[in-house]
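Counting from 1, position 206 in the sequence shown corresponds to residue 458 in full-length UniProt numbering; the numbering is continuous, with no gaps.
Using N, Cα and C, we set each Cβ at its ideal position, and we do this for glycine too.
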Amino acid sequence: EKGGYDYFMLKEIAEQPKAIADTLLGRFTPEGRLHLDEMRLSDDDLREVDKIIIIACGTSFHVGLIAKYAIEHWTRIPCEVELASEFRYRDPIVDRSTMVIAISQSGETMDTLMALRHAREQKAKVLAICNTNGSTIPRESDAVLYTYAGPEIAVASTKAFLTQIVATYVIALYLAQVRGIKYGDEITAILADLEKTPAAVAKVLESVEPVRQLARELKDAKSVLFIGRHVGYPVALEGALKLKELAYMHAEGFAAGELKHGPIALIEEGLPVFVVVPPKGRDVLHDKMVSNIQEIRARGARTIVLVEEGDHSVDPYADHVIRLPKVPTLLQPLVATVPLQVFSCEMATAKGHDVDQPRNLAKSVTVE
Ligand code: F6R
Numbered sequence: 253e254k255g256g257y258d259y260f261m262l263k264e265i266a267e268q269p270k271a272i273a274d275t276l277l278g279r280f281t282p283e284g285r286l287h288l289d290e291m292r293l294s295d296d297d298l299r300e301v302d303k304i305i306i307i308a309c310g311t312s313f314h315v316g317l318i319a320k321y322a323i324e325h326w327t328r329i330p331c332e333v334e335l336a337s338e339f340r341y342r343d344p345i346v347d348r349s350t351m352v353i354a355i356s357q358s359g360e361t362m363d364t365l366m367a368l369r370h371a372r373e374q375k376a377k378v379l380a381i382c383n384t385n386g387s388t389i390p391r392e393s394d395a396v397l398y399t400y401a402g403p404e405i406a407v408a409s410t411k412a413f414l415t416q417i418v419a420t421y422v423i424a425l426y427l428a429q430v431r432g433i434k435y436g437d438e439i440t441a442i443l444a445d446l447e448k449t450p451a452a453v454a455k456v457l458e459s460v461e462p463v464r465q466l467a468r469e470l471k472d473a474k475s476v477l478f479i480g481r482h483v484g485y486p487v488a489l490e491g492a493l494k495l496k497e498l499a500y501m502h503a504e505g506f507a508a509g510e511l512k513h514g515p516i517a518l519i520e521e522g523l524p525v526f527v528v529v530p531p532k533g534r535d536v537l538h539d540k541m542v543s544n545i546q547e548i549r550a551r552g553a554r555t556i557v558l559v560e561e562g563d564h565s566v567d568p569y570a571d572h573v574i575r576l577p578k579v580p581t582l583l584q585p586l587v588a589t590v591p592l593q594v595f596s597c598e599m600a601t602a603k604g605h606d607v608d609q610p611r612n613l614a615k616s617v618t619v620e
């Protein structure tokens, strides 16, 4: 049932191109209407939305952080992202013009469910992004967009993560369309880019052997840091979370611009630091990141740089380069996360840990 792989996680990492393609399939009708799996919200309801709040936990929360960039950019609707476990305890401002998006692979996460119930009590419109048909969170929502990742067995989320990103983007595009901010041609162009991502992810998967080798080399590292900017920041958080849960290693993700406000004090000789470099098209961000790499390298960090192919500006300061296919900035998380998943999986294996069943963790967390 592991399809020839040693672990479910490896199988699920390999299934990601198909998972993305399946999640995109048939989402827009020929007339350009979004096909949601269960829809109890009209276009008028969607036009009324003046604020979006995304609630989720763990890896799904990182999807929310990424989605915020696309949602605000494409729809111009203010979007907040909140840990589901914090949401209802702060008296959040929610009313009938608020759209709450609950993201959950399992559809059973109690923190997310309780946050969703609180939002509904305040009359918010609740939309679920979920991978499990008929689970509790979609049942209690006004609309559902399923991710078609297929069953995710490994405790650590991989293919669900990528498909959840795709699902939030589809919703953002639809909101932009209904509200008259983006029109057919632009949406078709972005969807065309999205449709190329399965091939891009497949390409990343073909070239991950050096990442495995690197994990084995770094097996005894005491700590690993991850830095990124813009959508690369949540990717850094996700890279760190994967390493904690699978390899039981200390790991942290930072927004690269925050380094100078404190975390740079952590940098010491030999400390591995993964850096997600924004595509070169984003000139300002890209150049700031190159300076960050120089700064940490000068302080002895071992820099592992994820950068788009053709961009050699970082080569002089990189101890290891992981090349990513060229994609638009907002789609970069779909390719940049994959080597980080592979790294954690290999690290866990090298340390002799159970990759599919990390200690102290359960696949679905049904207690608050
Ligand atoms: C990490 C992981 C967890 C889940 C979190 C939310 O790899 O799997 O952080 O993402 O428990 O789970 P769902 O998405 O099922 O609500």
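Who are the Cβ neighbours of residue 210 in its own chain at under 8 angstroms, not counting the five residues just before and after it?
-> Nothing about residue 210 can be reported from this structure: the residues present for the chain run from 253 to 620 only.
Lys303 versus Gly436: straight-line alpha-carbon distance, rounded = 24 angstroms
At least three beta-carbon pairs within less than 8 angstroms, the segment 260-277 to the segment 289-305 | no
Other residues of its chain near Leu335: CB distance less than 7 angstroms, five sequence neighbours each side excluded = Cys309 and Phe313
At least 3 beta-carbon pairs within less than 8 angstroms: the segment 503-523 vs the segment 459-479 = yes
Residue range of the beta strand (DSSP E) that Thr555 falls in?
-> Arg554 to Glu560
For Ser409, is the beta carbon positioned less than 6 angstroms from some heavy atom of ligand 1?
-> yes
Between Ser356, Leu498 and Glu283, which lies nearest to residue 234 when the distance is taken from Cα to Cα?
-> The requested residue 234 does not occur in the structure, where the chain is confined to residues 253 to 620.
On a CA-only basis, which of Gln593, Asp563, Arg481 and Val456 is nearest Asn544? Give me that one, please.
-> Ranking Gln593, Asp563, Arg481 and Val456 by Cα distance to Asn544 puts Arg481 first.
Are Ile353 and Ile306 closer than 7 angstroms when you measure CB to CB?
-> At a Cβ-Cβ threshold of 7 angstroms, Ile353 and Ile306 count as neighbours.
Bridge partners - Asn286, DSSP secondary structure assignment = Reading off the sequence shown, one finds Leu at residue 286, where the question assumed Asn. Partner(s): Phe280.
Out of curiosity, what's the CA-to-CA distance linking Ser294 and Leu288?
-> 11 angstroms
From Tyr485 to Glu392, what distance separates their C-alpha atoms?
-> 31 angstroms
Exposed or buried, which one is Tyr341 when buried takes at least 16 other CB atoms within 10 Å?
-> Its Cβ having fewer than 16 others within 10 Å, Tyr341 is exposed.
Within 7 angstroms, strictly: CB atoms of Pro591 and Val407 | no
Range covered by the beta strand (DSSP E) that runs through residue 631 = Since the displayed the chain opens at 253 and closes at 620, residue 631 lies outside it and no answer follows.
Going straight from the alpha carbon of Leu583 to that of Ser409, what length do you get?
-> 19 angstroms
Three-state secondary structure (DSSP) of residue 247 = The question about residue 247 has no answer here: the residues shown for the chain are numbered 253 through 620.
Cβ of Gln357 versus every heavy atom of ligand 1: is any distance shorter than 6 angstroms?
-> yes
Just to confirm, does Gly604 get its C-beta within under 6 angstroms of one of the non-hydrogen atoms of ligand 1?
-> No, ligand 1 has no heavy atom inside 6 angstroms of this Cβ.
Express the C-alpha separation of Arg549 and Ile405 in angstroms, rounding to a whole number.
-> 39 angstroms
Quick one: what's residue 622 bridged to in DSSP?
-> Any property of residue 622 remains undetermined from this structure, which presents the chain solely from 253 to 620.
Residues bridged to Ala401 by DSSP?
-> Note: Ala401 is not bridge-paired with any residue in the DSSP secondary-structure output.
Residue nearest to Pro568 in terms of C-alpha spacing, selected from Pro580, Val542, Gly505 and Gln593 = Val542
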